[in-house]
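Residues in the sequence shown are numbered consecutively from 134, following this note's numbering.
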Amino acid sequence: MLGLVLLAMVSMATGEDVLNMCMDAKHHKVHPGPEGDLYQQCAPWKNNACCMANTTSEAHNDQSYLYNFNWNHCGMMTDKCKKHFIQDTCFYECSPNLGPWIQKVDQSWRRERILYVPLCKEDCSAWWEDCKDDYTCKENWHKGWDWSTGINRCPANTHCQKFSDVFPTAQSLCEKIWSDSYKYTTHIRGSGRCLQMWFEYGKNPNPEVAQYYAIQMGLVGKASSLGRPAALLLLTVVLSLLFS
Ligand SMILES: *[C@@H]1O[C@H](CO)[C@@H](O)[C@H](O)[C@H]1NC(C)=O
């Protein structure tokens, strides 16, 4: 019994829990931690990140070697649209707050994915607004591409259309493009009920949101909301009592 309590407290104290973790995917670190050199749009995650600096600089390149994925499969994607895809990549690669939405998956290139991460309305709407006049040939960008040349090309039975024809709404874009990795919400930025893809350095609002949903989902007890400092203190007290 005491052993179990100790174990629970040690894991809380070290923070290796659903509220601070990295998924087991292609480029993620094993554990989150500070990364001083994160590049440009990924820089807001410097304090605590699942990505390495080289992943973040590569994430800003067209057809980066991260996934060999070509944004420009229907002509050049505009910069105003592309910045949202870069942000999406930063969020996916760097965020240590996606634990409650991580699922096992049977794919050759990763063992875990995210499912139904609740995005703030404005982040999703801005993504759609800035991309609606760009072109694409597919609704689901995860699968169905022609990879015969090593980079994704539009498959034979498709043609390039405006984003707004492929994705009639912001919701359809955010949910369908990465096969339900994201869930559109009507919650607004700062509400504590949705995750933000965009935030300023030092002001990551997502840990509290993840904690809220983890409690709702029964993934952590309310006790975990005591947080790491409290767990460390408790651990110290218990240990000193034990060995005094
Ligand atoms: C980044 O660098 C590390 C080691 O320094 C390497 O293992 C990893 O594959 C690199 N990642 C990318 C995306 O280049």
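Here a beta-carbon is modelled for each residue, glycine too, at the ideal position from N, C-alpha and C.
Within its own chain, the residues whose Cβ lies closer than 8 Å to the Cβ of GLY277, once the five positions on either side in sequence are excluded, are LYS271 and PRO288, listed in chain order. Judged by DSSP secondary structure, PRO251 falls within the beta strand (DSSP E) whose first and last residues are 250-252. ASN230 has its CB no nearer than 7 Å to any heavy atom of ligand 1.
Within the same chain, Cβ atoms closer than 7 Å to the Cβ of TRP331 are found at GLN220 and ASP256, the five residues on either side in sequence being excluded.
DSSP places GLY208 within a strand segment (E or B) once states are collapsed to three. Sorting ASP266, LYS309, ARG286 and TYR315 by C-alpha distance to the C-alpha of GLN294 places ASP266 at the top. Distance between THR302 and VAL250, taken at the CA atoms: about 18 Å.
Note on the segment 275-304: there is no whole beta strand (DSSP E) run with a minimum of 3 residues.
Nearest to ALA343 by C-alpha distance, out of TRP261, GLY232 and CYS214, is GLY232. The continuous alpha helix (DSSP H) containing ILE348 extends over residues 339-349. Near ligand 1, meaning a beta-carbon closer than 6 Å to one of its heavy atoms, we find HIS160, MET185, ASN187, THR188, GLU191 and LEU199. DSSP places LYS336 in the coil class of the three-state scheme, outside both helix and strand. Residue range 243-247 is occupied by the beta strand (DSSP E) that includes GLU245. Comparing C-alpha distances from THR222 to each of MET154, THR282 and GLN173 shows the shortest one belongs to GLN173. For the pair of segments examined, the segment 202-219 was found not to touch the segment 150-170: the number of CB pairs separated by less than 8 Å stays below three. For the pair LEU199 and ALA182, the CB atoms are not nearer than the 8 Å cut-off.
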